[in-house]
Amino acid sequence: MQKLLKNEKLFNTIVPVIAAVLGMVVGAIIMLLGNYDPVAGFSALFNGMFGSPKAVGETIRAASPLILAGLAVGFAFKAGLFNIGVEGQLLVGWLASVWVGYAFDLPTVLHIPVAILAAALAGGFWGLIPGFLKARFKVHEVIVTIMLNYVALYTTAALIKKYLYAGNEKSYKVDGTASLASPFLSSLTEGSRLHWGIVVAIIAAIIMWFIIEKTSLGYELRAVGINQHASMYAGMNVPRNIMMSMVISGAFAGTAGAMEGLGTFQNMTVLSAFTGTGFDGIAVALLGANNAFGIIIAAVLFGGLSTAAPQMNFDANVPSELIDIIIALIIFFVASSYLIRLILTRFSKEGK
Amino acid sequence: MSFLEILAIIIPAALYTAAPLVFTALGGVFSERSGVVNIGLEGLMLFGAFTGVLTTLMIQDTVGAASPWIAILAAALASGLFSLLHAVASITLRADQTVSGVAINFLAAGLSLFLIKKIFDKGQTDFVQFRINKSDVPFLSDIPVIGDIFFSRIPYTSYLAILIAILVWYIIYKTPFGLRMRAVGEHPMAADTMGINVTRMRYIGVMISGVFAGIGGAVYALSISGNFTGGTISGQGFLALAAMIFGKWHPLGAMGAALFFGFAQSLSITGAQIPLLKEIPSVFLIIAPYVLTILALTGFVGRAEAPKALGTPYEKGKR
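The listed protein sequences correspond, in order, to chains U and R.
All residue numbers for the first sequence refer to the working numbering, where the first residue is 78 and numbers rise by one.
All residue numbers for the second sequence refer to the working numbering, where the first residue is 14 and numbers rise by one.
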């Protein structure tokens with residue numbers, strides 16, 4: 078135990094695991110208090126996540142945008158920035174991908190990459206705004222990104238209504254050449270909506286890992302995240318790094334939007350409230366310890382939990398909102414890692 | 014349509030929509046002045062709306078028309094206690110304050126809907142029988158011109174919000190308690206040296222913000238929406254946060270900004286009745302508060318400076 082507390086890296090990996098377990102335990106307690114059967118609840122959850130090929134397919138489908146949203150939050154975290162605007166960047170990316178998917182006539186080999194690129198660019202631009210304001214005017218990115226979320230929500234809704242409206246609160250569908258949907262993957266998972274987006278998400282995770290760990294840009298971003306002043310004295314261009322990290326973060330978020338636009342839905346709804354994916358991305362990044370691999374695992378967990386929630390409601394009668402409660406608790410426990418450290422220290426002292 | 018007639022439509026509507034924002038923004042002032050970022054205002058407001066509607070539904074048969082007012086007090090208490098979670102995480106456990114606020118928002122949404130489904134077996138509550146109604150102020154509403162614009166068709170909660178804003182200004186700028194609170198948010202170490210209990214002040218700041226956000230949420234639910242669903246509170250808390258920043262962390266500024274945002278929001282509804290405004294697409298009016306807040310932070314509309322120690326946990330003895 079002593080060794081564990083001294084080893085920062087190991088401690089940082091173990092905190093999310095403990096937090097996830099604690100979250101589930103408190104979730105079980107809430108089920109008990111609410112007169113529900115926790116065993117039935119959790120087994121229904123597990124079945125809904127991994128119980129059948131279709132469940133696995135839906136879990137992976139839900140994980141794809143979450144991976145990208147988590148990468149977006151995590152990437153900004155690495156540079157010491159809190160991108161709470163993933164939701165907004167996702168929405169503009171979603172709209173851009175649908176627009177390119179609908180309005181352009183291209184062969185599939187080009188259409189899909191161009192549509193995804195458009196989403197990444199749109200999201201990147203939406204991330205550049207807070208990045209620029211932070212770098213140039215030292216405006217805190219948290220507030221700007223929150224405000225831009227709402228601007229994105231209402232603006233995308235208005236743009237769809239004006240230019241892409243197909244009726245029934247939906248935009249036109251994207252062309253088949255831009256679609257990520259796959260009858261092959263769907264039949265493989267017995268009729269789930271699984272699409273090729275998961276491949277895009279995993280490539281993005283590899284890109285994030287590569288940038289952060291293997292390039293000088295990533296090195297500078299991390300340095301800026303740890304100590305801006307030291308980085309500046311070392312000759313790094315701090316404002317440029319801040320902007321770059323927000324642009325790349327926004328690009329990941331925009332790509333997450335393309336997952337919805339080209340994959341799951343093939344169009345965009347005139348939204349009056351947020352999708353929540355962007356905010357879930359914060360939970361994913363925290364639980365994944367801002368590490369590309371950790372983010373994939375965390376996204377599969379949260380994606381699975383949210384797709385399995387209706388199943389839990391159906392089989393064990395537990396309201397599906399329990400999942401939101403569990404996710405919130407997990408965030409609390411990860412954020413309060415000081416508490417976990419305190420408890421572990423206490424234990425190790427007693428063990429001596 | 015004459016200018017005065019237009020004012021008589023716009024101003025009551027603005028005061029009506031702004032009241033919940035004013036209360037919540039004032040709550041934000043307390044928390045952030047003491048040095049704790051409170052992104053959780055949205056969740057605290059949501060929990061207040063939930064408690065407010067639930068309490069009204071439970072007591073309306075026995076208490077009658079007084080029930081929404083009692084419910085507002087219950088909501089204040091409930092959200093005050095709920096904010097304790099944010100206080101413990103961000104002050105005692107030194108969690109990232111923004112992250113903890115995000116968790117508060119998730120938890121409030123999940124918990125209240127979970128309970129609604131548990132209690133009512135459906136995704137929303139019934140409508141309350143007694144609301145906080147729009148009413149005319151006796152005597153004052155009879156004054157020519159002014160009476161029709163400022164004292165008619167406005168719920169009492171709107172006047173209460175303005176009075177409380179003045180009270181909060183007095184507390185924060187004119188009392189020793191307020192001075193201590195500001196000191197803790199600007200330079201906690203200096204405050205600590207002078208014998209102020211930093212942790213205690215911050216707990217108080219966060220919990221007052223919970224109380225106010227709870228009131229704001231309940232006022233919204235009981236005067237505007239009338240019931241509680243998953244979508245009752247969708248962004249009002251963040252709008253109040255924006256109002257607080259646009260108002261430069263000053264109680265009266267926050268109130269002014271909240272009134273202005275309420276005005277902008279009501280315009281997107283009442284605008285259809287007013288010539289000239291009909292021509293502007295409503296989306297511009299809806300996004301105006303958010304864009305203005307960004308501009309205010311950037312310095313184009315007078316620079317907004319946050320309390321110096323905002324967002325940093327205080328660790329005794331740490332340089």
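Don't be surprised by glycine CBs; every beta carbon is placed ideally from N, CA and C.
Computed from a prediction, not measured in an experiment: that's the story for all the values here.
C-beta atoms of residue i and residue j nearer than 9 angstroms
i	j	result
residue 304 of chain R	residue 228 of chain U	yes
residue 326 of chain U	residue 152 of chain U	yes
residue 115 of chain U	residue 108 of chain U	yes
residue 46 of chain R	residue 262 of chain R	yes
residue 222 of chain R	residue 60 of chain R	no
residue 321 of chain U	residue 200 of chain U	no
residue 345 of chain U	residue 158 of chain U	no
residue 150 of chain U	residue 133 of chain U	no
residue 129 of chain R	residue 231 of chain U	no
residue 130 of chain U	residue 265 of chain U	yes
residue 277 of chain U	residue 193 of chain U	yes
residue 98 of chain R	residue 409 of chain U	yes
residue 69 of chain R	residue 80 of chain R	yes
residue 148 of chain U	residue 372 of chain U	yes
residue 222 of chain U	residue 274 of chain U	no
residue 197 of chain U	residue 328 of chain U	yes
residue 385 of chain U	residue 400 of chain U	yes
Residues sharing a beta bridge with residue i, DSSP
i	result
residue 430 of chain U	Chain U is shown from 78 up to 429; residue 430 of chain U falls before or after that span and cannot be answered.
residue 272 of chain U	U:258
residue 346 of chain U	U:247
residue 148 of chain R	R:167
C-alpha distance - residue i paired with residue j, whole-angstrom precision
i	j	result
residue 202 of chain R	residue 327 of chain R	8 angstroms
residue 300 of chain U	residue 308 of chain U	6 angstroms
residue 100 of chain U	residue 406 of chain U	5 angstroms
residue 32 of chain R	residue 272 of chain U	47 angstroms
residue 94 of chain R	residue 322 of chain R	24 angstroms
residue 22 of chain R	residue 162 of chain R	8 angstroms
residue 314 of chain U	residue 340 of chain U	38 angstroms
residue 85 of chain R	residue 139 of chain U	39 angstroms
residue 51 of chain R	residue 219 of chain R	8 angstroms
residue 296 of chain R	residue 171 of chain R	26 angstroms
residue 423 of chain U	residue 415 of chain U	12 angstroms
residue 243 of chain R	residue 92 of chain R	17 angstroms
residue 12 of chain R	residue 288 of chain U	Only positions 14 to 332 of chain R appear in the structure, and residue 12 of chain R is not among them; the question remains open.
residue 199 of chain R	residue 253 of chain R	22 angstroms
residue 179 of chain U	residue 161 of chain U	29 angstroms
residue 184 of chain U	residue 110 of chain U	56 angstroms
residue 266 of chain R	residue 41 of chain R	12 angstroms
residue 83 of chain R	residue 191 of chain R	28 angstroms
residue 334 of chain U	residue 137 of chain R	29 angstroms
residue 107 of chain R	residue 413 of chain U	7 angstroms
residue 194 of chain R	residue 187 of chain U	59 angstroms
residue 358 of chain U	residue 331 of chain R	33 angstroms
residue 319 of chain U	residue 156 of chain U	7 angstroms
residue 389 of chain U	residue 395 of chain U	6 angstroms
residue 250 of chain R	residue 37 of chain R	7 angstroms
residue 96 of chain U	residue 141 of chain U	23 angstroms
residue 256 of chain U	residue 212 of chain U	37 angstroms
residue 429 of chain U	residue 363 of chain U	In this prediction, residue 429 of chain U scores a pLDDT of 49, lower than 50, which makes its location untrustworthy; no coordinate-derived value is stated.
residue 123 of chain U	residue 86 of chain U	30 angstroms
residue 29 of chain R	residue 268 of chain R	13 angstroms
residue 143 of chain R	residue 56 of chain R	24 angstroms
residue 279 of chain R	residue 24 of chain R	9 angstroms
residue 17 of chain R	residue 332 of chain U	50 angstroms
Cutoff 9 angstroms: residue i Cβ touching any chain C Cβ
i	result
residue 293 of chain R	The chain labelled as chain C is not found among the protein chains of the depicted structure, namely U and R.
heavy atom of the ligand GDP below 8 angstroms from residue i C-beta
i	result
residue 152 of chain R	Questions concerning the ligand GDP fall outside what the structure shown contains, since it holds no ligand whatsoever.
Give, in chain order, every unbroken run of the alpha helix (DSSP H) that is at least 4 residues long and sits entirely within the region 262-317 of chain U. Listed in chain order, the alpha helix (DSSP H) runs fully inside the region 262-317 of chain U are 274-291, 293-303 and 305-310, counting runs of at least 4 residues.
Please list the residues of the region 212-223 of chain U that have a C-beta atom closer than 9 angstroms to any C-beta atom in chain R, keeping them in chain order. Residues 213, 214, 216, 217, 219, 220, 221 and 223.
Along the region 89-123 of chain R, what residues have a CB closer than 7 angstroms to any CB found in chain U? Correct list: 102, 106, 107, 108, 109, 111, 112, 113, 115, 116, 119, 120, 122 and 123.
What residue ranges within the region 58-107 of chain R form continuous alpha helix (DSSP H) runs of no fewer than 4 residues, ordered along the chain? 80-100
For the region 408-419 of chain U, list every residue whose C-beta sits within 7 angstroms of some C-beta in chain R, in sequence order. 408, 409, 412, 413, 415 and 416
Can you list, in chain order, the residues of the region 352-364 of chain U whose Cβ is nearer than 8 angstroms to any Cβ on chain R? 356, 359, 360 and 363
Would you list, in chain order, the members of the region 285-305 of chain U that have their beta-carbon closer than 8 angstroms to a beta-carbon of chain R? none
Selection of the region 393-405 of chain U by Cβ proximity to chain R, strictly under 7 angstroms: 396, 398, 399, 401, 402, 404 and 405
Quick check for students: name the residue ranges of the alpha helix (DSSP H) that lie wholly in the region 104-131 of chain U, counting only runs of 4 or more. Scanning the region 104-131 of chain U for uninterrupted alpha helix (DSSP H) segments of 4 residues or longer gives 115-127, listed from N- to C-terminal end.
Which residues, in chain order, does the region 161-180 of chain U contribute to contact with chain R at a C-beta distance below 8 angstroms? Taking 8 angstroms as the Cβ-Cβ cut-off against chain R, the residues of the region 161-180 of chain U that qualify are 161.
At 4 residues or longer, what runs of the alpha helix (DSSP H) sit wholly inside the region 349-408 of chain U? Runs of the alpha helix (DSSP H) lying entirely within the region 349-408 of chain U, each at least 4 residues long, are 354-364 and 369-393 in chain order.
Which ranges would you report for the alpha helix (DSSP H) in the region 151-227 of chain R if only whole runs of at least 4 residues count? 159-163, 169-187, 189-199 and 201-206
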